[in-house]
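Asker: Residue numbers (the numbering used here), protein chains in the order written: chain A, -8 to 410; chain B, -8 to 410. Where a beta carbon is used, it is the ideal one built from N, C-alpha and C, also for glycine. Since the model is a prediction, treat every value here as computed from it, not as a measurement.
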């Protein structure tokens, strides 16, 4: 299996030693074991790509195809991306912010931002000619790989921690993949998948396809800038699991600057973690780029990666741009979910609760200024992690089907409302 | 409270006696008790509205604002609508169809098509000056009203059957409404709400705001036609609860023809019900327009309306266009959910399972021809009704984190895959 060399897409390049490789299913440098990243010929893209062309493109992440490592004219499209950027009214007021936006990535085909990376990964997988795809997942990725594999006709193997939230297990199972629960943490699952990837010639979306896969996250930056009228925000808050999402959103803004679509890329990038799994936040607090792996202990399972593959690069992006990495407790993240729902009508999973909790903390500590243009990334749906907010059900009041009972049990408690 | 008379929006008109009313919060004719419907000045709309204008509009249902009964320039927008129309590849093949599309309305802000009607209803509610909104709901509507009320700052009362799926209760509760579980069926809830609506001056989205509310469903027809390149499909399959959705999709295609956006509106309209609550399908089978109310007994609770308010008009639309109303059992609807997921990567709630089940049945009985351009409407997310497909969890296989265990427990059972 061999990649096609395109003049728009240049190479795979080692982030450490700079050695370049052909566009093949590789993810680490043969020489220094550094991670490989896709590079582009930006001069050529600048010549051929216009904002007009994007505006007339599909209403999905494929409107930015020329900035993605894809050759085919017919990418795998379940309708992922170009999700709403919602101007926050109530939450902004509650936090004392002037201009806050929420990027609502819950409304993707499998209800998380993972559809972005998987759309790109499985399109590339098809280009490479594989027939079997696989992934290690904390849930959302598995959902997305299973759904896209169903559509594309791939055999799929989804590896997840056996103790995952039922909602996230079912939402993989429903698409009919080979679904394998591994007794252990996500890091155990990941290690096992690396070993299996060495034995079988499959496309592991977050192992040998990872350099292509990760590029899909850039589209969150592209959409944000386009939806703001081709301007980058002042500050973004992004949940950190492996760190890949954060580094790629950073790369996205930089690329838009490079092709002269936005005036500058001075966006400050901040990361959000759960205190029960905060290796990147801990390193940031200790002013070190050395990340010490931890054993996760948080309900925010979708971002509970104790040994984050791109943690170092995430820290670099944060530090270079003047951002922060902060963490919140499980109690604070639950509050974050509820705050977002009752102010903006968006129901997020635990990771979004972390993002909102950290946003609040950064504002309260003065690290985010009230006049910054801020974007918070809500990366997945609350319905997959209902366990976290089940006590909201206590709000249900039961009555008999009569006006008398309604007046008596409900309105009597709140007499100002019977107006 | 009084409506504003617009030259584009003409009146509320009784569907029975034709008497016209000002644009106020009314829903039945004072004289004959017929339902009121919004009418427009199509000549004026034809003069002012262009496809170009729509194409450059927002990426939401508000791109069709000029065909909706709204005056404000600043409608309530959580990003509803303009959802993907997915060309079915695998399901079409499995059913022997040439050109099948799936309108994926699971990716709305609260994950069902109800966000369409609620966006319109609550925008109108704000125009009327109400501060309290309410609804009777089988779940999805309550979710949407609660979320939109949170965003708009309305006090909200959500009335639901107390025995609803937990997923649908939680997804209302999370947005912080007054959430009232009524001991009884949806029809009991609905009756209670009508009584309460008589006592308090609130905006009940599906009672006194209903004529405006219902118009939101037309956008499903508008989007379908636009996404097909301004052509109406030959045949559509739509789940039937109150019947409002079906009649409004029909109206939508007719309006597009009226303003000369599509060459004709010969779309055949077919309805889908669950056998356990199929009053419209039964009337259709019996060649009568008299619908006998039934007591619902099906897991498809979101469409389990035993006494459908618009059932008569739905039947009329079906009959006039040469469509059908068919029903499927709970077992068949569960198969429909699974079939859709494993072929197209879309995870639908029970109503979508009904739609797919009925589509299959209509094809197999020769009522849908294999060369028709068909659109099936998938109106809500599977994550709210996981109970229906919980046995899919049986697909999970658990192993220890070792390659040996993987080879032994998983691959040994399927030796062709270790290639």
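Sort A/25, A/365, A/401 and A/385 by Cα distance to residue 391 of chain A and report the nearest one.
Answerer: A/401
Asker: Quick check on DSSP: helix, strand or coil for residue 277 of chain B?
Answerer: coil
Asker: Three or more C-beta pairs closer than 8 Å, one from the region 95 to 112 of chain B and one from the region 125 to 135 of chain B: is that the case here?
Answerer: yes
Asker: Whose CA, out of A/29, A/160 and A/264, lies closest to the CA of residue 374 of chain A?
Answerer: A/160
Asker: Can you give me the start and stop residues for the beta strand (DSSP E) that residue 387 of chain B sits inside?
Answerer: 387 to 390
Asker: What did DSSP end up calling residue 189 of chain A once you bin it into helix, strand or coil?
Answerer: helix
Asker: Quick one: what's got a C-beta closer than 6 Å to residue -8 of chain A's C-beta in the same chain, skipping five residues either side?
Answerer: For residue -8 of chain A, the predicted model reports a pLDDT of 37, less than 50, meaning its position is unreliable; a value from the coordinates is still stated below. 119 and 120, listed in sequence order.
Asker: Answer yes or no: does any C-beta atom of chain A fall closer than 9 Å to that of residue 366 of chain B?
Answerer: no
Asker: Could you tell me which chain B residues have their CB closer than 8 Å to the CB of residue 166 of chain A, listed as they occur along the chain?
Answerer: Those within 8 Å of residue 166 of chain A in chain B are 332, 333, 336 and 338.
Asker: Within 10 angstroms of the Cβ of residue 206 of chain B, are there 16 or more other Cβ atoms? Answer buried if so, exposed if not.
Answerer: Residue 206 of chain B comes out buried.
Asker: Less than 9 Å between CB atoms is the rule here; does residue 65 of chain B satisfy it with respect to chain A?
Answerer: no
Asker: Do you know how far the Cα of residue 230 of chain A is from the Cα of residue 36 of chain B?
Answerer: Distance between the alpha carbons of residue 36 of chain B and residue 230 of chain A: 46 Å.
Asker: Measuring straight from C-alpha to C-alpha, what distance separates residue 383 of chain A and residue 101 of chain A?
Answerer: 24 Å
Asker: Compare the beta carbon distance of residue 337 of chain A and residue 69 of chain B with 9 Å and say whether it is the shorter of the two.
Answerer: yes
Asker: With a threshold of 7 Å on Cβ separation, who are the neighbours of residue 0 of chain B within its own chain once the five nearest residues in sequence on each side are excluded?
Answerer: 14, 29, 31 and 60
Asker: When you compare the region 357 to 368 of chain B with the region 205 to 225 of chain B, are there three or more beta-carbon pairs, one atom per stretch, that lie closer than 8 Å?
Answerer: Between the region 357 to 368 of chain B and the region 205 to 225 of chain B, the count of C-beta pairs closer than 8 Å reaches three or more; the two stretches touch.
Asker: May I ask you to report which of helix, strand or coil DSSP gives residue 18 of chain A?
Answerer: coil
Asker: Which residue wins for smallest C-alpha separation from residue 188 of chain B, given the options A/404, A/398 and A/253?
Answerer: A/398
Asker: If you draw a straight line from the C-alpha of residue 12 of chain A to the C-alpha of residue 24 of chain A, how long is it?
Answerer: Rounded to the nearest angstrom, the two C-alpha atoms are 13 Å apart.
Asker: What residues from chain A crowd round residue 1 of chain B, counting only those whose CB sits closer than 8 Å?
Answerer: Under the 8 Å cutoff, chain A gives no residues; its nearest Cβ is about 32 Å from residue 1 of chain B.
Asker: Reducing DSSP to helix, strand and coil, say where residue 259 of chain B ends up.
Answerer: strand
Asker: For the ligand ATP, I want to know if residue 66 of chain A counts as a neighbour, meaning its beta carbon is within less than 8 Å of at least one of the ligand's heavy atoms.
Answerer: Because no ligand of any kind appears in the structure shown, any question about the ligand ATP cannot be addressed here.
Asker: Compare the C-beta of residue 414 of chain A against all C-beta atoms of chain B and say whether one is closer than 9 Å.
Answerer: Nothing can be reported for residue 414 of chain A, as the shown portion of chain A is limited to -8 through 410.
Asker: Of the residues A/253, A/248, A/249 and A/208, which one's Cα is nearest the Cα of residue 235 of chain A?
Answerer: Closest option to residue 235 of chain A, Cα to Cα, is A/208.
Asker: Short of 8 Å Cβ to Cβ, which residues in the region 175 to 186 of chain A face chain B?
Answerer: 175, 179, 180, 182, 183 and 186
Asker: In chain D, which residues lie less than 9 Å from residue 381 of chain B when you measure between Cβ atoms?
Answerer: Absent here is chain D; the protein component of the structure consists of chains A and B.
Asker: Look at residue 169 of chain B and residue 185 of chain B and say whether their C-beta atoms are less than 9 Å apart.
Answerer: Not a contact, by the Cβ cut-off of 9 Å.
Asker: Measure from the alpha carbon of residue 351 of chain A to the alpha carbon of each residue in A/340, A/339, A/371 and A/318, then state which is nearest.
Answerer: A/318
Asker: What's the C-alpha gap between residue 387 of chain A and residue 157 of chain B?
Answerer: 11 Å
Asker: For a contact meaning CB atoms closer than 9 Å, what does residue 70 of chain B contact in chain A?
Answerer: 74, 75, 76, 77, 95 and 98
Asker: Just tell me which of A/328, A/67 and A/95 has its CA closest to the CA of residue 76 of chain A.
Answerer: A/95
Asker: Select from B/53, B/6, B/335 and B/320 the residue whose C-alpha is nearest the C-alpha of residue 214 of chain B.
Answerer: For the set B/53, B/6, B/335 and B/320, the Cα lying nearest the Cα of residue 214 of chain B is the one of B/53.
Asker: Report the start-end ranges of each alpha helix (DSSP H) in the region 305 to 347 of chain B that is 4 residues or longer and not cut off at the edges.
Answerer: 321 to 335
Asker: How many angstroms separate the CA atom of residue 300 of chain B from the CA atom of residue 379 of chain B?
Answerer: 27 Å
Asker: From the DSSP output, in three-state form, read off residue 125 of chain B for me.
Answerer: strand
Asker: Please report the straight-line C-alpha distance between residue 260 of chain A and residue 204 of chain A, rounded to a whole angstrom.
Answerer: 21 Å
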